[in-house]
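The structure under discussion appears below in the form of structure tokens.
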Ligand SMILES: C[S@@+](CC[C@H](N)C(=O)[O-])C[C@H]1O[C@@H](n2cnc3c(N)ncnc32)[C@H](O)[C@@H]1O
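Below, the structure is given as structure tokens:
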């Protein structure tokens with residue numbers, strides 16, 4: 121679409137994808153993500169911001185006592201997250217916003233989660249800088265995403281797929297977030313790669 125910025129395109133793409141998202145992602149959760157949502161939730165604490173919260177699939181997993189705020193670019197994804205939170209009787213702060221310009225003060229969260237978001241946020245460096253800014257010193261960054269595989273045949277398939285999805289939907293399969301996490305000033309606590317290295321979980325902290 122003429123004159124459309126990458127971020128505007130993401131909003132349009134995810135607004136369109138929203139009605140089918142939960143059904144489609146449930147399949148990949150079973151075969152690909154290896155319990156990653158629970159891995160994130162068990163490490164959550166305090167005031168938590170979920171960036172690119174989508175339809176809110178993690179919302180029911182966080183332990184009691186965690187105060188959740190969610191931010192999401194797509195109004196249609198966010199509407200589903202609000203309905204999901206209401207069905208779980210969760211009273212949360214869910215708001216529309218851009219991960220690359222988070223609408224929150226510096227040092228206002230103890231945990232920031234981003235799940236399957238940095239593969240599609242147009243400027244992942246900028247988003248990680250924002251996550252760093254809004255975390256308190258000593259705060260936790262928790263990421264789950266699909267990344268370029270360590271196995272060449274899978275990597276080749278990801279690269280081919282990305283030639284289409286990168287152009288049409290701004291969705292990338294050969295990105296890797298871990299080097300960007302270090303670049304943004306975080307210290308790594310733990311990371312794991314699964315499924316031929318194509319799934320990565322990261323737990324890092326903002327130095328105190
Ligand atoms: C693959 S979905 C993941 C949704 C959710 N985090 C999950 O785990 O199911 C990617 C999400 O990132 C959102 N997104 C993309 N760019 C964004 C941005 N700049 N700021 C906030 N959200 C963004 C999309 O609207 C979409 O909801």
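In my numbering, the protein residues as written are 121 to 328. All C-beta atoms, glycine included, are put in the ideal place defined by N, C-alpha and C.
Close-in-space but distant-in-sequence residues of the same chain around residue i (CB under 8 Å, 5 per side omitted)
{"i": "residue 168", "result": "182, 186, 187, 188, 189, 229, 230, 231, 232 and 233"}
{"i": "residue 161", "result": "178, 181, 182 and 183"}
{"i": "residue 209", "result": "none"}
{"i": "residue 256", "result": "227, 228, 229, 230 and 326"}
Status (buried if at least 16 other CB within 10 Å, exposed otherwise) for residue i
{"i": "residue 287", "result": "exposed"}
{"i": "residue 326", "result": "buried"}
{"i": "residue 134", "result": "buried"}
{"i": "residue 227", "result": "exposed"}
{"i": "residue 241", "result": "buried"}
{"i": "residue 147", "result": "exposed"}
{"i": "residue 262", "result": "buried"}
{"i": "residue 250", "result": "buried"}
{"i": "residue 170", "result": "buried"}
Check whether residue i and residue j have beta carbons under 8 Å apart
{"i": "residue 294", "j": "residue 282", "result": "yes"}
{"i": "residue 212", "j": "residue 205", "result": "yes"}
{"i": "residue 155", "j": "residue 319", "result": "no"}
{"i": "residue 296", "j": "residue 267", "result": "yes"}
{"i": "residue 131", "j": "residue 193", "result": "yes"}
{"i": "residue 163", "j": "residue 313", "result": "no"}
{"i": "residue 254", "j": "residue 214", "result": "no"}
{"i": "residue 321", "j": "residue 159", "result": "yes"}
{"i": "residue 316", "j": "residue 285", "result": "no"}
{"i": "residue 139", "j": "residue 290", "result": "no"}
{"i": "residue 298", "j": "residue 264", "result": "no"}
{"i": "residue 137", "j": "residue 176", "result": "no"}
{"i": "residue 308", "j": "residue 324", "result": "yes"}
{"i": "residue 405", "j": "residue 304", "result": "The displayed coordinates of the chain run from 121 to 328. Any statement about residue 405 would go beyond what the structure contains."}
Residues near residue i by beta carbon distance below 7 Å, same chain, minus five either side
{"i": "residue 300", "result": "244, 245 and 248"}
Neighbourhood of residue i by C-beta, 6 Å cutoff - its chain only, sequence neighbours within 5 removed
{"i": "residue 217", "result": "191 and 223"}
{"i": "residue 279", "result": "294"}
{"i": "residue 197", "result": "134, 138, 174 and 175"}
{"i": "residue 142", "result": "175"}
**Request:** Output the residue ranges of the alpha helix (DSSP H) runs that lie fully inside the segment 178–224 and measure 4 residues or longer, sorted by chain position.
**Result:** Runs of the alpha helix (DSSP H) lying entirely within the segment 178–224 and spanning at least 4 residues, in chain order: 195–207.
**Message:** If we require 3 or more residues per run, which beta strand (DSSP E) segments fall completely within the segment 226–273?
**Reply:** Every beta strand (DSSP E) of 3 residues or more that sits fully in the segment 226–273 is shown, in chain order, as 229–235 and 255–266.
**Request:** Go through the segment 292–323 residue by residue and report every complete run of the alpha helix (DSSP H) that reaches 4 residues or more, in order.
**Result:** Counting only runs of 4 or more, we get 298–303.
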